[in-house]
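See below for the structure under consideration.
2 protein chains.
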Amino acid sequence: MRSLLFRRTLSTAARFRLPPTIRQILSSSQADEQVTVTGWVKSIRKQKRIAFGVLSDGSSAVGLQAVFNERLGERVKQITNGTSVCVKGSIVKSPGAGQDKELLVEDVEILGTCDPDTYPIQKQALTPEYLRDNTHLRARTDAIAAMVRLRGRIMRGLNRYLEDQDFAYAHTPILTSSDAEEFFTHPAYLTVSHQLHLEALNSALSRAYTLSPCFRAERGVTRRHLAEFWMLEAEWGVAPTSDPHVQTAALCDFVEGMLKGVDVDVLWRHREHDSVPEAEREKRRDMMKRAVTSDSPWPKMTYTDAIRELLKADREWTYPVSWGSALQSEHEKWLCETLTNPDAATVGCFDLLIPHVGELVGGSVREERIDSLKDSMLSKGMDMDDPRYQWYGDLRRFGGAPHVGFGMGFERFVSWVGGIENVRECISMPRWAGRMLL
Amino acid sequence: MRSLLFRRTLSTAARFRLPPTIRQILSSSQADEQVTVTGWVKSIRKQKRIAFGVLSDGSSAVGLQAVFNERLGERVKQITNGTSVCVKGSIVKSPGAGQDKELLVEDVEILGTCDPDTYPIQKQALTPEYLRDNTHLRARTDAIAAMVRLRGRIMRGLNRYLEDQDFAYAHTPILTSSDAEEFFTHPAYLTVSHQLHLEALNSALSRAYTLSPCFRAERGVTRRHLAEFWMLEAEWGVAPTSDPHVQTAALCDFVEGMLKGVDVDVLWRHREHDSVPEAEREKRRDMMKRAVTSDSPWPKMTYTDAIRELLKADREWTYPVSWGSALQSEHEKWLCETLTNPDAATVGCFDLLIPHVGELVGGSVREERIDSLKDSMLSKGMDMDDPRYQWYGDLRRFGGAPHVGFGMGFERFVSWVGGIENVRECISMPRWAGRMLL
């Protein structure tokens, strides 16, 4: 009876399981195992009586070498780069260099042909700009496919780290409100940050975070900005203190711990592609690895010290440096790429600056004192009694408590971990000023 | 040397760790352990020389009983429901009924007072409508806090299931494109589904999914519709077949396996709140549990059979039934609540109908034949050569392959699993026609 039950469970599970992917076949199939693979052809080399193809299904950076023999006839002639196929055959130990296993194809079905003359993903090196124009197909390149897989892995690591510390994952709104009339009786805006909504949840859940889309109408077109991007944002309650620097230091520690706590070894092994030149790539990779595996705390610098160092620096700035004004990108770049330990640096109270990435994280101790908040809103021409803002005041009025939070641009993190030069290659379908395909 | 290293690692980890939450204290603290807890007071009962409070930090459904003695004086008098506090004390075995452990408070600091007269979250039962008007504070109720935690757990379960089958988690765009001019040189639309973008990724990655916000300008105000909601959508390649019913059946199996594969036992133990009446609640809970733990396949019905049964039914329909027209909610409701095995039912080819929830999942075999797609677009007045649609044609032109996919409304799933009557209580800050707070 028991073994019958066991058998039934097994067959139920098998009914729900999709066939193995190429990643699974490469990592766990046995010699002589019969497999059926659906995928597309990355490349094919045809000889007189035999053809060698590399199949991909996007599940791994490495494709599966498939050997087609002449018995397969006309169908093999139809196969060109990009063709989708379903192949059946057996896995054997590969006699060739470059792979352990290969697939001896016994049957092949052409699922979709691909005209080699007009196929946008040609074999030669394609520029990022060209691939952005072909967003819909660019995940067929190794680099973009690797980036998509990397995003998933990073997300998993961050989720695990935050769950382990009892953070509730919340889905906060994309559409936010203000006054006037429409579908919602007021117009809807796309959110620029989830901080305020997370603060509302924080008043009940104490630790809340989200990884959600955010929107900025950034006119400047840089390699670090997108109009639509994803942001990891977290808010949590902290013990009260008369010295906000204590909370700031703890906030910095938390962010450092999170970035060191993402299973970077796993990420590392899967770092399949870098888009910067070879020599520079090695240097940055080492820097990143040292930063996240370092047992000693990352260098931190107060705002005042940063201004002092910038004023001492023997160079001209586009934006003049003075105590009281915000740091510009050029200042941040100099501080973390020239001045400090290049592992990584927190500069100012709450910005985490990373060489070649710039500001990765911004965080702060939130204002929980209602009077200070009221004053600071007034100084910006906002009245807290305005119905639009009242709820934000309520969070302080009814059992408010000290809390801190941060936001981390997800694409910038992908750019750092993945060694990817431009954030447009850190999201599958990028949007920026003047540009939205698909 | 080794032990030194070990010690250093431990202290590094401690530096990054937030203090324990109430959930962690309740599940793992030792007797006499000293703890510091930051949270808010769910309720407080003051006696002459002692006060009993229940503290919450949102980490668990159960609060922490805190015993305040008279030595704490004036500060305890200030504590009312909703007050935020930081308490220090020791965990002891509770002599009272209802909890194993309690906290003997040695020191308390008031972080934020809460005026008991105007505090919107009063002790008596609050209607869903009232709480929706107080969205910013409603996570302080047990029901909404439980829902937020449940969402996180469901998400984790779904992610784990899909990752295990090598699906790549992708962030597809919220803003989608069409013609004309603006910030993007064309106007941006909010996406109603991520299917088309996932299909593009599918052409490279073979298995891709997303859990992302979607938008619908639904004018109808029902308990099953939101203007902004989250949807789990997946696309994957399948083996070719001349009979699309084979693919449909496999698609249904996959969705069934996924819903059965989410670790429902875990969900079950955490089913902390139901918003429907007691008797009905038990019935639905049992139905749901039977459905997801059932070893036998869920009942499936073809569209033709469904129409036949509806025509035979001895009742009047608001929308007349005829073969060729779409099923309306009233038909779906009757089919899955009256006609069929109430465990759950797939009706028609690709809709999964759940009693009291309605359509939970809709899926289909996608059209990969470019000529059929072209014809069907033309019949809707769309020209595939229009630059807006060309990319979608390219996915077929360059190595297209058979693929299937589905979308599942995340709030509806939360509603089913959590036994929550209205989807507005299945997302922390709901938006629907005429309504957008915060």
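If you're matching them up, the sequences are chains A and B in order. Per this note's numbering, the first sequence starts with residue 6, numbered consecutively. Per this note's numbering, the second sequence starts with residue 6, numbered consecutively. For each residue, glycine too, the CB sits at the ideal point set by N, CA and C.
Q: Identify the continuous alpha helix (DSSP H) that holds A:His257 and give its terminal residues.
A: The residue asked about is misnamed: residue 257 of chain A is Cys in this sequence, not His. Per DSSP, A:Cys257 belongs to the alpha helix (DSSP H) from Pro249 to Gly266.
Q | Span of the beta strand (DSSP E) around A:Asn74 | A | Leu69 to Asn74
Q | Within 7 Å, strictly: CB atoms of B:Gly405 and A:Gly44 | A | no
Q | DSSP state of B:Phe21 mapped onto helix, strand, coil | A | helix
Q. The ligand ATP heavy atoms versus the CB of A:Asp300: any closer than 6 Å?
A. Among the components of this structure there are no ligands whatsoever, and the ligand ATP is therefore not found.
(Q) For A:Asp184 and A:Ala205, I'd like the C-alpha separation in whole angstroms. (A) Its pLDDT being 39, under 50, A:Asp184 is placed unreliably by the model, and the measurement read from it follows with that caveat. Straight-line Cα distance between these residues: approximately 20 Å.
**Q.** For B:Phe57, the residue or residues it bridges with in DSSP
**A.** B:Arg50 and B:Val72
Q | Nearest to B:Pro24 (by Cα), restricted to the options A:Ala244, A:Asp105 and A:Val46 | A | A:Ala244
Q) Which same chain residues, not among the five before or five after B:Pro347, have their C-beta less than 6 Å away from its C-beta? A) The predicted model places B:Pro347 with a pLDDT of 41, which falls under 50 and marks its position as unreliable; any figure quoted below should be read in that light. Met292 and Pro360.
Q | A:Thr215, buried or exposed, once every other Cβ within 10 Å from all chains shown has been counted against 16 | A | buried
Q: For B:Asp62, decide whether its Cβ has a neighbour in chain A, counting only Cβ atoms nearer than 7 Å.
A: yes
Q.
Restricting to Cα atoms, I'd like to know which of A:Ile149, A:Thr177 and A:Leu344 is closest to A:Arg320.
A. A:Leu344
Q: State the Cα-Cα distance for the pair A:Gly78 and A:Val46, rounded to the nearest angstrom.
A: 17 Å
Q.
Strictly under 7 Å for the Cβ-Cβ distance: is A:Val366 near chain B by that measure?
A. no
Q: Can you pull the chain B residues whose beta carbon is under 9 Å from the beta carbon of A:Cys119, in chain order?
A: Arg402, Phe403, Gly404 and Gly405
Q: Measure the C-alpha to C-alpha separation of B:Glu107 and B:Leu69 and round it to an integer number of angstroms.
A: 6 Å
Q | As assigned by DSSP and simplified to three states, the class of A:Arg436 | A | strand
Q: Check the DSSP bridge columns for A:Arg165 and list the partner residues they point to.
A: According to DSSP, which records beta bridges pairwise, A:Arg165 is partnered with nothing at all.
Q) Among residues of its own chain, excluding the 5 on either side of B:Leu163, which ones have a beta-carbon nearer than 8 Å to its beta-carbon? A) Leu216, Leu237, Met263 and Val267
Q: Please determine, among A:His176, A:Leu340, A:Val366 and A:Leu201, the residue with the shortest C-alpha to C-alpha distance to A:Glu261.
A: A:Val366
Q: Report the residue from B:Arg290, B:Tyr324 and B:Ala318 whose alpha carbon sits nearest the alpha carbon of B:Ile425.
A: B:Arg290
Q.
Using the Cβ count rule (16 or more neighbours within 10 Å means buried), how would you classify B:Lys232?
A. The amino acid at residue 232 of chain B is misidentified as Lys; the sequence shows Ala. Burial call: buried.
Q | Rounded distance between the beta-carbons of A:Val409 and A:Leu256, thought under 8 Å | A | 5 Å
(Q) By the DSSP assignment, the beta strand (DSSP E) with B:Ala193 in it spans what residues? (A) Ala193 to Leu195
Q.
List, in chain order, every chain B residue whose beta-carbon is nearer than 7 Å to that of A:Asp171.
A. Thr26, Arg28, Gln29 and Ser64
Q) Closer than 8 Å, Cβ to any Cβ of chain B: which residues of the stretch 217 to 230 of chain A, in chain order? A) Ser217, Pro218, Phe220 and Ala222
Q. Using a Cβ-Cβ distance under 7 Å, would A:Leu131 count as near chain B?
A. no
Q | For A:Leu31, the first and last residue of its enclosing alpha helix (DSSP H) | A | Ile27 to Ser33
Q. For A:Met160, is the classification buried or exposed, using 16 other Cβ atoms within 10 angstroms of its Cβ as the cut-off for buried?
A. buried
Q. Based on the DSSP output, what are the partners of A:Ser182 in its beta bridges?
A. A:Ala193
Q) If contact means a Cβ-Cβ distance below 8 Å, which residues of the stretch 251 to 263 of chain A contact chain B? A) Asp258, Phe259, Glu261, Gly262 and Met263
(Q) Just to confirm the assignment: which complete beta strand (DSSP E) runs, minimum length 3, are found wholly within the stretch 351 to 406 of chain B? (A) 356 to 359 and 363 to 370
(Q) So B:Val113 and B:Val72 are supposed to be a Cβ contact under 8 Å. How far apart are they, rounded? (A) Actually they do not touch by this definition, with Cβ atoms about 11 Å apart.
Q) CB-CB under 8 Å to A:Val251, same chain, minus the five flanking residues each way: which ones, in chain order? A) none
Q. For A:Phe415, does the three-state DSSP call read helix, strand or coil?
A. helix
**Q.** B:Lys128, enclosing alpha helix (DSSP H) - first and last residue
**A.** It is not in any alpha helix (DSSP H) - B:Lys128 carries neither H nor E in the DSSP assignment.
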